[in-house]
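In this note's numbering, the protein residues as written are 1 to 290.
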Ligand SMILES: C[S@@+](CC[C@H](N)C(=O)[O-])C[C@H]1O[C@@H](n2cnc3c(N)ncnc32)[C@H](O)[C@@H]1O
């Protein structure tokens, strides 16, 4: 296909066996969020775990809309988004199919980070992307679910009962759909923390209202930061116009050629003993290429 010029153009690239077209499509946009979020979890994961519970079980994460597992890849391997862009820019434009898996495992071999153990589950509608993410070791557990149309599966509800952090970056409109809200409701007995990075052109109100109703408070861990560039003048005009209708204007929505996205932490009101500044000690914005 021709180069993506709009977020919707990626729909044809999400469920391939080969992540190459996805990363090559994002490279001109300098998509940064997996680098930012993985840097935060790497720096603060052990403090987040200790703030949530006393036992020794590793931090347990659920990555919503994880796709090819960019966040898990950067958590577990000593590379950044720019390394992924360079690597995937270096092979053919064609979909490499399943042969991508062995080649990419070879690329990652020897790059393992020395990080505390974590259990990472990935949820996505794109089952091939999930299988790829598991095959390269980016995630441990796969939930191939449609969070727009369907209620969470019993297996997902089980995972929510023990997960510490439910996170997303780039999950787009899934967040704002009833399926996602039902998943939040299903997680209530365990009260996981939610780490969300909502785009300025997506209406976050329904999910914030759901979390507030369930007793969650929101804190901004990172003020709006560079998410990615727009891929065309058409996309830029649309983002700015939709964001303005949602009350996000100027540098809160779009600045220096980049869409602006905050990192928001939602914790239950009875579970906010640790201050955010304590939790975030030592975290630096590792950017697109740590
Ligand atoms: C912009 S991509 C982000 C992927 C990944 N988080 C990253 O940062 O590279 C959005 C993801 O949402 C997934 N998605 C779209 N609709 C979905 C749905 N209804 N249920 C679950 N996942 C969905 C897509 O398959 C895609 O992998």
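For every residue, glycine included, the Cβ atom is placed at its ideal position computed from N, Cα and C.
Item	Value
Option in 242, 191, 231 with minimal Cα separation from residue 217	191
Cα-Cα separation, residue 4 to residue 12	10 Å
N-terminal and C-terminal residue of the beta strand (DSSP E) that residue 11 is part of	Where residue 11 is concerned, there is no enclosing beta strand (DSSP E), given that its DSSP letter is neither H nor E.
Residue 229 in three-state terms, based on DSSP	strand
Range covered by the alpha helix (DSSP H) that runs through residue 52	33-52
Contiguous beta strand (DSSP E) assignments of at least 3 residues, all confined to the region 46-102	59-64
Span of the alpha helix (DSSP H) around residue 17	It is not in any alpha helix (DSSP H) - residue 17 carries neither H nor E in the DSSP assignment.
Residue 290, DSSP secondary structure in three states	Confidence is the limiting factor: at residue 290 the pLDDT is only 42, short of 50, which leaves the residue's position unreliable and the question unanswerable from this model.
Proximity of residue 59 and residue 41 at Cβ, strictly below 9 Å	yes
Close Cβ partners of residue 177 (< 6 Å) along its chain, the five nearest in sequence each way excluded	148
Secondary structure of residue 255, DSSP reduced to three states	strand
Contact test: residue 8 Cβ vs ligand 3 heavy atom, cutoff 8 Å	Ligands displayed in this structure: ligand 1; ligand 3 is not among them.
Close-in-space but distant-in-sequence residues of the same chain around residue 37 (CB under 6 Å, 5 per side omitted)	71, 169
The alpha helix (DSSP H) enclosing residue 195, as first and last residue numbers	First-last for residue 195: 193-196, but that is the beta strand (DSSP E), not the alpha helix (DSSP H).
Straight-line Cα distance separating residue 45 from residue 53	12 Å
Neighbourhood of residue 98 by C-beta, 6 Å cutoff - its chain only, sequence neighbours within 5 removed	17
C-beta atoms of residue 135 and residue 20 nearer than 9 Å	no
Bounding residues of the beta strand (DSSP E) (the contiguous stretch that carries residue 120)	118-124
Any non-hydrogen atom of ligand 1 within 8 Å of residue 31 CB	yes
Where residue 224 falls: helix, strand or coil (DSSP)	strand
Simplified DSSP state of residue 213, which is helix, strand or coil	helix
Where residue 219 falls: helix, strand or coil (DSSP)	strand
CB of residue 123 within 9 Å of CB of residue 69, strictly	no
Proximity test, residue 239 beta-carbon vs ligand 1 heavy atom, cut-off 8 Å	no
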